[in-house]
Amino acid sequence: MMAASQQPDLPDGPPDPAGRDYIRLQDYSFFYGANQALDTLSFSIPKEQVTALIGPSGCGKSTLIRSINRMNDLVEDVRHEGDILISGESVFHPHIEVISLRKRIGMVFQESNPFPKSIYENVIYSLRVSGVRRKSELDEVVERSLRAAALWDEVKDRLYENAFTLSGGQMQRLCIARAIANEPEIILMDEPCSALDPIATGRIEDLIYELKKHYTIVIVTHNMQQAARVSDRTAFLYMGRLIEYGETESLFISPRIPQTEAYITGRFG
Amino acid sequence: MKRFFHSELDTLKSQLILMGEKASAALRKSARALSEKDLDLAEKVIAEDDAIDDLEIQIDREATRYLTLRSPVASDLRLITVAIKASHDLERVGDEARNIAKRTRKMILKKGAIGDTLYIPEMAIMAEEMLRDAFQCFIASDAERASAVLSKDEEVDALNKANFKDFIHKAKNDPESINLYLDLIFISKSLERIADHATNLAEEVIFLTTAVETRHQN
């Protein structure tokens, strides 16, 4: 029997001036063909905080994160119900251009995916596509983005080397720098450390802590210790439903729902 | 590599040091209230114990939070476990100081002569030295000096036994003052317990810095 989920902690209405409902899901459901992956989710993600999505494989974490920047539009035979709002505006509104939306929302994936180009070109790739040509502007973006991704000091003397010469952790930070280059408002991270060793993982976690001063971060992770370390708020999903959502400290010290307790203590199933 | 959350351990250490200072001050003031028959000072010690209790709760909460959120290992983990135990020891030191102050208040209000307190002042000085030394070792991560604290506990135990024997003897010869001697026996016992807590703290410092267990060696 599924425990009662903890549904929205903020009422419906205009966006909260304090940014507590910066990203708001309203009765959001998502379907792959006949299969329902997300079931009437309603909760709010605050601005410039880290929100972790946890839950067993297949619970809908990645589907949810990919709904925020409409990555799921690329999948065939899918549909959604309900809405996702950013600063009070629906990401599905007809006047929203998906390309512009994705510039506002950077994304970092499980496997780092640099382009087979130089470190420099990786960072400014989307700017080049947008037609930015001025060298001084591109140089400034490269330095600012690499500094923000805590990679500048390690690569400043080898910017024109191929990105594949970097270590796994450095490549992941390069991908974060590439996401930052667009000056997004939100960074989505889908298991960004699952392919990294503990040292590289530590660097990414420290970076997340720094990035939240300027960006709203939503991170999917299977590593509950990581969710506890890096996030301000945690949402536990199971079979497409939101089981519990709240401050990370409260959720991990005294979860309200027995199912959450069972999952985070490893007694699940 | 210093992680973003390691500064939380420094905060926890600072809180423990603050608690240690407050507990030492409570002991010092309670001993002075007795020796100078200072009612106001005794009342102050009783009132200030709440602040020590609050610090214990705060430290326990912070330690639990760190255990839950930061997955500490090795010396970080030892610091957390030591913080939880040390805060409990210090809370008990505060309670014993408050007990001394309460008995002192009772004796002063009875307006009788308190008389000879035998080795109580000496025990108070020794117990406070033990507390101070244990904390300086904690701050300096000095296990060697912490070991020296352990040996002093036997001296305080011996003084307590001598007090007990002498106060019982006096009570037998002066049955009308039996309540006074009972209060002094309890004060002596409180000081002996404070020395025990200081010993615990020293053992915790040794465990923290060397990972060597020294409890219950005798």
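Those sequence lines, one after another, are chains A and B.
1 is the number of the first residue of the first sequence in my numbering; add one for each residue after it.
1001 is the number of the first residue of the second sequence in my numbering; add one for each residue after it.
Where is the CB? At the ideal position from N, CA and C, for every residue including glycine.
Self-check item: CA-to-CA distance, Glu1203 (chain B) to Gly55 (chain A), given in whole angstroms
Solution: Reading the first sequence from its first residue, position 55 is the one you call residue 55 (chain A). Reading the second sequence from its first residue, position 203 is the one you call residue 1203 (chain B). Near 42 Å, if we compare the C-alpha coordinates of Glu1203 (chain B) and Gly55 (chain A).
Practice problem: For Phe252 (chain A), count neighbouring C-beta atoms within 10 Å of its own C-beta (all shown protein chains included) and say buried if the count is 16 or more, exposed if not. | Solution: The sequence position of residue 252 (chain A) within the first sequence is 252, counting from 1. By the neighbour-count rule (16 or more Cβ atoms within 10 Å), Phe252 (chain A) is buried.
Quiz prompt | Distance between Arg1215 (chain B) and Asp1196 (chain B) (C-alpha atoms, nearest Å) | solution = Working through the second sequence from its first residue, we reach residue 1196 (chain B) at position 196. Working through the second sequence from its first residue, we reach residue 1215 (chain B) at position 215. Near 12 Å, if we compare the C-alpha coordinates of Arg1215 (chain B) and Asp1196 (chain B).
Quiz item: Is His1006 (chain B) helix, strand or coil when you go by DSSP?
Solution: Position 6 of the second sequence, counting from 1, holds the residue named residue 1006 (chain B). Correct three-state label for His1006 (chain B): coil.
Self-check item: Exposure label - Leu1055 (chain B); buried when at least 16 CB within 10 Å
Solution: As a position in the second sequence, residue 1055 (chain B) is number 55, starting the count at 1. It counts as buried.
Exercise. List the residues of chain B whose Cβ lies closer than 8 Å to the Cβ of Thr248 (chain A), in chain order.
Key: As a first step, residue 248 (chain A) is located in the first sequence; it is residue number 248 there, counting from the start. Correct list: Leu1069.
Quiz item: For Gly33 (chain A), does the count of other Cβ atoms within 10 angstroms reach 16, so buried, or fall short, so exposed?
Solution: Position 33 of the first sequence holds residue 33 (chain A). It is exposed - the Cβ of Gly33 (chain A) has fewer than 16 other Cβ atoms within 10 Å.
Quiz prompt | Beta-carbon neighbours of Asp206 (chain A), restricted to chain B and to distances below 7 Å | solution = Here residue 206 (chain A) is taken as the residue at index 206 of the first sequence, counted from 1. Under the 7 Å cutoff, chain B gives Arg1003, Phe1004.
Quiz item: What number of angstroms, rounded off, separates the C-alpha of Gly88 (chain A) from the C-alpha of Ser130 (chain A)?
Solution: For the purposes of this step, residue 88 (chain A) is identified with residue 88 of the first sequence, where counting begins at 1. For the purposes of this step, residue 130 (chain A) is identified with residue 130 of the first sequence, where counting begins at 1. When rounded, the distance between both Cα atoms is 27 Å.
Quiz item: Hey, does Gln307 (chain A) have any beta-carbon neighbour from chain B nearer than 8 Å?
Solution: Because chain A here runs from 1 to 269, residue 307 (chain A) falls outside it and cannot be looked at.
Quiz prompt | At least three beta-carbon pairs within less than 8 Å, the segment 1075-1082 of chain B to the segment 225-245 of chain A | solution = no
Quiz prompt | Cβ shell of Arg1145 (chain B) (< 7 Å), same chain only, five flanking positions each side left out | solution = Translated into positions along the second sequence, residue 1145 (chain B) becomes position 145. Closer than 7 Å at Cβ, skipping near neighbours: Asp1133, Cys1137.
Quiz item: Of all the options A:Arg20, A:Gly19, A:Val75, A:Ser44, which has the alpha carbon lying nearest to the alpha carbon of Asp27 (chain A)?
Solution: In the first sequence, counting from the first residue as 1, residue 27 (chain A) sits at position 27. Measuring from the Cα of Asp27 (chain A), the nearest candidate turns out to be A:Ser44.
Quiz item: From Ser250 (chain A) to Asp21 (chain A), what does the alpha carbon distance come to, in whole angstroms?
Solution: Translated into positions along the first sequence, residue 250 (chain A) becomes position 250. Translated into positions along the first sequence, residue 21 (chain A) becomes position 21. Going by the C-alpha atoms only, they are around 19 Å apart.
Quiz item: When the cut-off is 8 Å and only beta carbons count, does Ile54 (chain A) lie next to chain B?
Solution: What you label residue 54 (chain A) is simply residue 54 of the first sequence in a count that begins at 1. Chain B contact via Cβ: absent.
Self-check item: Spatial distance of Leu1182 (chain B) from Asp1050 (chain B) (CA atoms)
Solution: Indexing the second sequence from 1 puts residue 1182 (chain B) at position 182. Indexing the second sequence from 1 puts residue 1050 (chain B) at position 50. Their Cα atoms are separated by approximately 26 Å.
Exercise. Write down the C-beta distance between Val123 (chain A) and Arg178 (chain A) rounded to the nearest angstrom, noting that I regard them as a contact closer than 8 Å.
Key: Here residue 123 (chain A) refers to the residue found at position 123 of the first sequence. Here residue 178 (chain A) refers to the residue found at position 178 of the first sequence. Right, the Cβ-Cβ distance comes to about 6 Å (below 8 Å), so this counts as a contact.
Quiz item: Between Gln225 (chain A) and chain B, is there a C-beta pair that is closer than 8 Å?
Solution: If you number the first sequence from 1, residue 225 (chain A) lands on position 225. With 8 Å as the cut-off, Gln225 (chain A) counts as an interface residue toward chain B.
Self-check item: Which residues DSSP lists as bridging Gly270 (chain A), in chain order
Solution: Past the edges of chain A, shown from 1 to 269, lies residue 270 (chain A), and the structure says nothing about it.
Practice problem: State the Cα-Cα distance for the pair Leu10 (chain A) and Leu25 (chain A), rounded to the nearest angstrom. | Solution: In the first sequence, the residue the question calls residue 10 (chain A) occupies position 10. In the first sequence, the residue the question calls residue 25 (chain A) occupies position 25. Residue placement at Leu10 (chain A) cannot be trusted, given a pLDDT of 47 that sits under 50; what the coordinates show is reported in the next sentence. Cα-Cα distance, rounded: 11 Å.
Practice problem: Starting from the N-terminal side, write out each stretch of the alpha helix (DSSP H) that is 4 residues or longer and does not extend beyond the segment 25-107 of chain A. | Solution: 61-68, 98-104
Practice problem: State the beta-bridge partners of Arg241 (chain A) as determined by DSSP. | Solution: Within the first sequence, the letter at position 241 stands for residue 241 (chain A). DSSP output for Arg241 (chain A) lists A:Tyr238 as bridge partner(s).
Quiz item: By how many angstroms is the C-alpha of Phe30 (chain A) removed from the C-alpha of Leu101 (chain A)?
Solution: As a working mapping, residue 101 (chain A) is identified with position 101 in the first sequence. As a working mapping, residue 30 (chain A) is identified with position 30 in the first sequence. Near 19 Å, if we compare the C-alpha coordinates of Phe30 (chain A) and Leu101 (chain A).
Quiz item: Could you give the uninterrupted runs of the alpha helix (DSSP H) lying entirely in the segment 112-139 of chain A, keeping only those of 4 residues or more?
Solution: 119-123, 125-129
Practice problem: Note down, in chain order, every chain B residue with its Cβ under 7 Å from the Cβ of Tyr209 (chain A). | Solution: Translated into positions along the first sequence, residue 209 (chain A) becomes position 209. Those are Phe1004, listed as they occur along chain B.
Quiz item: My guess is that Ile1052 (chain B) and Glu1021 (chain B) are in contact by the Cβ rule of under 8 Å, so how many angstroms apart are they, rounded?
Solution: Reading the second sequence from its first residue, position 52 is the one you call residue 1052 (chain B). Reading the second sequence from its first residue, position 21 is the one you call residue 1021 (chain B). Going by Cβ atoms, the distance from Ile1052 (chain B) to Glu1021 (chain B) rounds to 10 Å, so no, they are not a contact pair.
Self-check item: 8 Å Cβ cut-off: residues of chain B touching Phe252 (chain A)
Solution: The residue labelled residue 252 (chain A) in the question sits at position 252 within the first sequence. Those are Thr1068, Leu1069, listed as they occur along chain B.
Quiz item: Can you find a CB in chain B that lies within less than 8 Å of the CB of Ala228 (chain A)?
Solution: Stepping through the first sequence from its first residue, residue 228 (chain A) is reached at position 228. Yes, Ala228 (chain A) counts as interfacial toward chain B.
Self-check item: Leu1077 (chain B) to Gln1217 (chain B) span [Cα, whole Å]
Solution: Residue 1077 (chain B) sits at position 77 when you count from the first residue of the second sequence. Residue 1217 (chain B) sits at position 217 when you count from the first residue of the second sequence. When rounded, the distance between both Cα atoms is 23 Å.
Exercise. Can you tell me which of the three DSSP states Asp1116 (chain B) falls into?
Key: Translated into the one-based positions of the second sequence, residue 1116 (chain B) becomes position 116. Residue state, collapsed to three classes: coil.
Quiz prompt | Euclidean distance between Cα positions of Thr1210 (chain B) and Lys1152 (chain B) | solution = Mapped onto the second sequence, residue 1210 (chain B) falls at position 210. Mapped onto the second sequence, residue 1152 (chain B) falls at position 152. Their Cα atoms are separated by approximately 21 Å.
Practice problem: Determine the direct distance from the alpha carbon of Ile23 (chain A) to that of Asp83 (chain A), and round the result to whole angstroms. | Solution: The residue labelled residue 83 (chain A) in the question sits at position 83 within the first sequence. The residue labelled residue 23 (chain A) in the question sits at position 23 within the first sequence. Approximately 11 Å between the Cα atoms of the pair.
Practice problem: Please name the residues in the segment 153-182 of chain A whose beta-carbon is closer than 9 Å to at least one beta-carbon of chain B, in chain order. | Solution: none
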